[in-house]
Amino acid sequence: MERALFHAARGAGRTSPNPLVGAVIVSTEGVLLGQGYHERAGEAHAEIVALEEAGDRARGATLYCTLEPCAHQGRTGPCAERIVDAGVARVVASVEDPNPLVRGRGFAYLRAHGIEVDVGLGAARSSALNQPFFTLMREGRPFVILKAATSADGFIAEARDRPTPLTSSEANRHAHRLRAAIDAIGVGVGTVIADDPALTARGAYRERPLVRVVFDRSLRTPPRSRLLSTPDGGPVIIVTSERAAGEPGLRTPLESRGALVVASGRTFREALHLLGAHDIASILLEGGATLHCAAWDEDLVDFVRLYVAPRPLGSGVPLLEGRAFSSAALIQRRVEQLGPDVLIEGYVHGPR
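Numbered per the working numbering, the sequence shown spans residues 37 to 388.
The following block contains the structure:
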């Protein structure tokens with residue numbers, strides 16, 4: 037299972053909206069017969085890759101997989117049928133697949149065809165790997181990562197709408213590498229107007245386009261912004277209100293520049309569900325303060341990633357102003373030195 041989990045992680049940044057899955061086939065004598073992982077959405081699942089490597093030797097063997105084998109026809113065929121046809125005697129899986137099309141059906145199919153099934157080995161690590169997929173399947177929304185750079189005394193800017201560079205090149209490189217593994221990056225329209233960011237993963241290899249999302253209820257996004265001048269950086273979705281979306285004078289200039297303008301209800305949760313319907317399983321919220329607070333107030337922040345610079349500002353815009361937040365309370369908290377800065381990250385509620 038350790039090897040299967042290692043392989044599963046190799047698909048990071050490439051399989052969404054599918055999960056990260058690894059599989060290993062072992063003979064009764066403990067000989068490794070086949071192994072593999074799900075490399076990209078639409079391509080062979082991990083179990084099939086391992087079965088093809090094992091060939092006829094899979095008969096009577098044990099298959100270790102990090103997620104329940106599927107039992108439905110999607111872009112690829114059902115894995116459970118292939119496992120039965122291969123003559124596998126036992127399946128050891130980490131967790132049940134929360135996809136409504138699977139959710140225990142794969143295990144039931146295997147057991148009904150005489151295969152021994154054990155579930156739970158490596159469950160914590162498999163769940164941690166697949167938090168975006170699990171969140172999308174269970175809640176219909178992306179897994180939300182709140183990301184911010186702060187001063188030593190907890191401020192994210194000297195004043196609202198005033199860009200305040202805080203972190204070092206080491207921290208900035210780290211942040212861009214992590215952008216390469218998520219589906220979307222989101223900002224509020226105030227950040228677009230103040231900073232004019234491109235929101236790309238600079239200096240980091242990314243196989244899939246990075247979706248760039250602007251939360252803009254009044255459609256104030258400038259049509260000549262860098263976001264809309266860098267089509268190679270990835271698609272742009274502007275989430276707005278029903279009222280603004282209904283005004284061609286506001287909507288048409290943005291659509292003519294390539295943006296997808298979509299209307300949402302008043303809550304941030306509704307906006308996230310709309311993104312989930314576009315198969316966005318993870319989103320990095322980079323600011324500004326209003327957007328961070330909106331996500332926090334609706335209990336929609338799953339993970340926090342802070343880059344803390346050593347210098348204080350003394351005053352300015354606090355992170356999550358007026359909210360009960362402490363980085364010390366993060367679950368599975370991790371701290372890493374990045375040049376002069378410190379990375380602090382962890383779950384708000386723990387993996388779910």
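Note that CB positions come from ideal geometry on N, CA and C, so glycine has one too.
- In this structure Leu263 does not touch Thr276 by the C-beta definition: roughly 14 Å separates them, more than the 8 Å allowed.
- Per DSSP, Glu278 is one residue of the alpha helix (DSSP H) stretching across Glu278 to Ala281.
- Of all alpha-carbon atoms in Arg50, Ala77 and Leu41, the one lying nearest the alpha-carbon of Gln71 is that of Leu41.
- Exclusion of the five residues before and after Ala122 leaves Leu87, Ala90, Ala94 and Arg95 as the residues of its chain whose Cβ lies within less than 8 Å of its Cβ.
- Within its own chain, the residues whose Cβ lies closer than 8 Å to the Cβ of Pro136, once the five positions on either side in sequence are excluded, are Met173, listed in chain order.
- In this chain, the beta strand (DSSP E) harbouring Asp377 covers Asp377 to Tyr383.
- Where Leu255 is concerned, there is no enclosing alpha helix (DSSP H), because DSSP gives it neither an H nor an E.
- Taking the CA atoms as reference points, His309 sits about 10 Å from Asp315.
- Around the beta carbon of Arg177, 16 or more other beta carbons sit within 10 angstroms, so the residue counts as buried.
- Counting along the chain, the unbroken beta strand (DSSP E) around Val153 starts and ends at Glu152 to Val155.
- DSSP, read as helix, strand or coil, puts Glu372 in strand.
- Here Arg118 really is in contact with Glu83; their C-beta atoms are around 7 Å apart, less than 8 Å.
- In this structure, Ala44 places its C-beta atom within 8 Å of the C-beta atom of Val57.
- Excluding its 5 nearest sequence neighbours in each direction, Leu355 has C-beta neighbours in its own chain below 6 Å: Ala184, Thr186, Gly190 and Ile192, listed in chain order.
- Within the DSSP bridge table, the entry for Phe339 names Ile181 and Tyr383 as partners.
- Under the three-state reduction of DSSP, Val344 is assigned to strand.
- Inter-residue distance for Val62 and Ile380 is about 39 Å (C-alpha atoms, whole angstroms).
- By the neighbour-count criterion, in which 16 or more other beta carbons inside 10 Å mark a residue as buried, Glu104 falls on the buried side.
- Per DSSP, reduced to three states, the secondary structure at Ile229 is helical.
- The continuous beta strand (DSSP E) containing Tyr100 extends over residues Thr98 to Cys101.
- Taking a contact to require three or more Cβ pairs closer than 8 Å, the region 201-209 and the region 354-370 do not qualify as touching.
- Residue nearest to Ala77 within the set His108, Cys101, Gly49 and Ala364 is Gly49 (criterion: CA-CA distance).
- Look at Gly72 here: in three-state DSSP terms it is strand.
- A Cβ-Cβ separation of about 17 Å leaves Phe169 out of contact with Val155 under the 8 Å criterion.
- The beta-carbon separation of Val127 and Ile151, rounded to 6 Å, stays under the 8 Å limit for a contact.
- The DSSP-derived three-state label of Val138 is coil.
- Of the other Cβ atoms in all chains shown, 16 or more fall within 10 Å of the Cβ of His81; this residue is therefore buried.
- For Leu165 against Val340, the beta-carbon gap comes to about 19 Å, at or over 8 Å, which does not count as contact.
- Three or more pairs of CB atoms, one per stretch, sit closer than 8 Å, so the region 204-222 contacts the region 234-249.
- Secondary structure of Ala234 (DSSP, three-state): coil.
- Ala299 and Glu278 do touch by the CB rule: their CB atoms are close to 5 Å apart, below 8 Å.
- The continuous stretches of beta strand (DSSP E) do not include Gly285, which lies in the alpha helix (DSSP H) extending over residues Pro284 to Glu291.
- Taking C-alpha positions only, Leu342 is separated from Ala207 by approximately 10 Å.
- If you draw a straight line from the Cα of Gln167 to the Cα of Glu175, it comes to about 11 Å.
- Around the beta carbon of Arg369, fewer than 16 other beta carbons lie within 10 angstroms, which makes this residue exposed.
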